[in-house]
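Under the numbering used here, think of the first position of the sequence shown as 45, with each following residue one higher. No residue lacks a Cβ here, since even glycine has one placed at the ideal position from N, Cα and C.
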Amino acid sequence: MESERSSKDFLLYSCTNSPEPDLFVLGFQEIVPLTAQQILQTDPTKKQMWESILLDTLARRSNKKADYVILRSEQLVGTALIILVKSNLVANIRNVEGTTKKTGLRGMSGNKGAVGIRLDFHDTSFCFLTAHLAAGHANLEERNSDYRTIANGLHFLRGKTIGSHE
């Protein structure tokens, strides 16, 4: 798969000439074929495949100084968010939560929408999002409406919103 190879190359290159990042946060769109079955019951197989590819690629880098683990991953139909963290930093991360917000078919379908993961790292709170919105110039208003729905309607379990983070 060409996208797998180029993603591996990107990860290996990004770790070669710079300090290793504490976190890798990767957002995906269209990770699965959009079918009625996927919308009704999302298959996590492709997300799990990418988790394995990411971990394997990071484990094989030539200048490896730290190991990475999956901190959290979430999926809404074809949209997925995966966070990897250095294994020695896991103890410094608290309050990890994931959530999704559907915007397809007026909020009834997950073919469009957002995936969010929040966490506290040391004394700083983070909120990571990836979204799949309506495409094309003709759908500008729908895309803007979906953005507002996500920005105002994505909530985490402990009452946190996107705007609650630093």
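- Based on Cα-Cα distance, which residue from His-209, Val-69, Phe-72 lies nearest to Asp-167? Ranked by how close their Cα comes to the Cα of Asp-167, the residues His-209, Val-69, Phe-72 have His-209 in first place.
- Message: Tell me which residue opens and which closes the beta strand (DSSP E) that Gly-197 is part of.
- Response: Where Gly-197 is concerned, there is no enclosing beta strand (DSSP E), although the alpha helix (DSSP H) it sits in stretches over 184-197.
- Element boundaries [alpha helix (DSSP H), containing Ala-103]: Counting along the chain, the alpha helix (DSSP H) containing Ala-103 begins and ends at 89-103.
- Message: With H, G and I counted as helix, E and B as strand and the rest as coil, what does DSSP make of Ile-75?
- Response: Reduced to three states, the DSSP call for Ile-75 is coil.
- Nearest CA to the CA of Thr-143: which residue from Ala-80, Gln-119, Lys-91? Considering only alpha carbons, the answer is Gln-119.
- Message: When you compare the CB positions of Val-121 and Val-76, do they come within less than 8 Å of one another, or not?
- Response: Their beta carbons are under 8 Å apart, which means Val-121 touches Val-76 by this criterion.
- heavy atom of the ligand ATP below 7 Å from Lys-91 C-beta: Because no ligand of any kind appears in the structure shown, any question about the ligand ATP cannot be addressed here.
- Task: Can you tell me which of the three DSSP states Gln-119 falls into?
- Result: Three-state DSSP puts Gln-119 in a strand.
- Message: Quick check: the stretch 133-147 against the stretch 185-199, are at least 3 beta-carbon pairs closer than 8 Å?
- Response: Contact annotation: the stretch 185-199 touches the stretch 133-147, with at least three C-beta pairs closer than 8 Å.
- Pick from Val-113, Ala-124, Ser-106, Leu-99: whose alpha carbon is nearest that of Asn-155? Comparing Cα positions, the closest option is Ala-124.
- Message: With distance defined between alpha-carbon atoms, name the residue in Ser-131, Ile-161, Ala-182 nearest to Thr-205.
- Response: Just measuring C-alpha positions, the residue of Ser-131, Ile-161, Ala-182 sitting nearest Thr-205 is Ile-161.
- Message: Once DSSP output is grouped into helix, strand and coil, what is the label at Ala-179?
- Response: Shown here, Ala-179 sits in coil according to DSSP, grouped into three states, outside any helix or strand.
- Query: What's the call for Lys-91, buried or exposed, on a 16-neighbour Cβ count within 10 Å?
  - Reply: Only buried fits Lys-91, as 16 or more other CB atoms lie within 10 angstroms of its CB.
- Message: Contact defined as beta carbons within less than 8 Å: I believe Asp-190 pairs with Leu-177. What is the distance between those atoms, to the nearest angstrom?
- Response: Contact between Asp-190 and Leu-177 holds, since their C-beta atoms are separated by about 5 Å, short of 8 Å.
- Message: Can you give me the C-alpha to C-alpha distance between Gln-73 and Lys-109, rounded to a whole angstrom?
- Response: Counting only the Cα atoms, Lys-109 lies some 30 Å from Gln-73.
- Message: Just list the residues that DSSP pairs Thr-168 with in beta bridges.
- Response: According to DSSP, which records beta bridges pairwise, Thr-168 is partnered with Phe-165.
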